[in-house]
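Colleague: Following this message is one structure expressed as structure tokens.
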Amino acid sequence: MNKFFRILRKTETIITVISMIAFTIVGFLQVFFRVFLKSPLAWSEEACRYLFIWSMMLGAILVAAENGHFRVDFLVSKLPDPLQRITTGLSCLLMAVFSLLIIYYGYKLMMSNTTRVSPALGIRMMYIYLIFPINGILVLLHLAEGIVKGGKEK
1 MNKFFRILRK
11 TETIITVISM
21 IAFTIVGFLQ
31 VFFRVFLKSP
41 LAWSEEACRY
51 LFIWSMMLGA
61 ILVAAENGHF
71 RVDFLVSKLP
81 DPLQRITTGL
91 SCLLMAVFSL
101 LIIYYGYKLM
111 MSNTTRVSPA
121 LGIRMMYIYL
131 IFPINGILVL
141 LHLAEGIVKG
151 GKEK
């Protein structure tokens, strides 16, 4: 099980880094062509937008894998141990519900755009929106990993 999550985390990290590098390169090319060559690339703005969405959602998965989402640790650490466990459990439950909503509505969004094509890139929009269910599923997996490990920091 640990090996599975180690490989998963490494894969998630590599894909996130690649998408962020691609976002940076395309953004740089967009500015370079528009400002210096006075000939903007027709596809670059759209590519930047979609790469940003993917980078953001992939980054959220990495944060979930490291148990690093926003928490009010200062207040929780002042509570007695049983209340800390309840607060942590409630936080995990809320994240799981939110992830399930992302999976459900992301899937609906993806399936409602199976034939729609992006204007400049010509990519089916369902592939752009695929990141939403992927995000929800992987965040749920990492939540389950944290629960199995007893909620300990990774």
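When we follow my numbering, the leftmost residue of the sequence shown carries the number 1, and every step to the right adds one. By construction, the Cβ of each residue, glycine as well, lies at the ideal position given by its N, Cα and C atoms. Just so you know, these numbers come straight off a predicted model, no measurement behind them.
#1: Once you ignore the five residues that flank GLU12 on each side, which residues in its own chain have a CB closer than 8 Å to its CB?
#2: Looking only at its own chain, which residues have a Cβ that is under 7 Å from the Cβ of ASN113, when we skip the five neighbours before and after it?
#3: Let me know if ALA47 comes out buried or exposed under the rule of 16 or more other beta-carbons within 10 Å of its beta-carbon.
#4: Rounded to the nearest angstrom, what separates MET56 and PHE23 at their Cα positions?
#5: For a quick check, are the C-beta atoms of LEU121 and LEU8 less than 9 Å apart?
#6: Excluding the 5 residues preceding and the 5 following PHE132 in the sequence, name in chain order all residues of the same chain whose CB lies nearer than 6 Å to its CB.
#7: Run through the stretch 81 to 138 for me and flag every whole alpha helix (DSSP H) of 4 or more residues, listed as ranges in chain order.
Modeller: In short, the structure shows the following:
#1: These residues qualify, in order along the chain: LEU58, ILE61, LEU62, ALA65 and LEU138.
#2: MET125, MET126 and TYR129
#3: With 16 or more other Cβ atoms within 10 Å, it is buried.
#4: 11 Å
#5: Against a cut-off of 9 Å, the Cβ pair of LEU8 and LEU121 comes out as no contact.
#6: Scanning its chain for C-beta atoms nearer than 6 Å, with the 5 sequence neighbours on each side dropped, one finds around PHE132 the residues ILE102 and GLY106, in chain order.
#7: The qualifying runs are 81 to 111 and 125 to 129.
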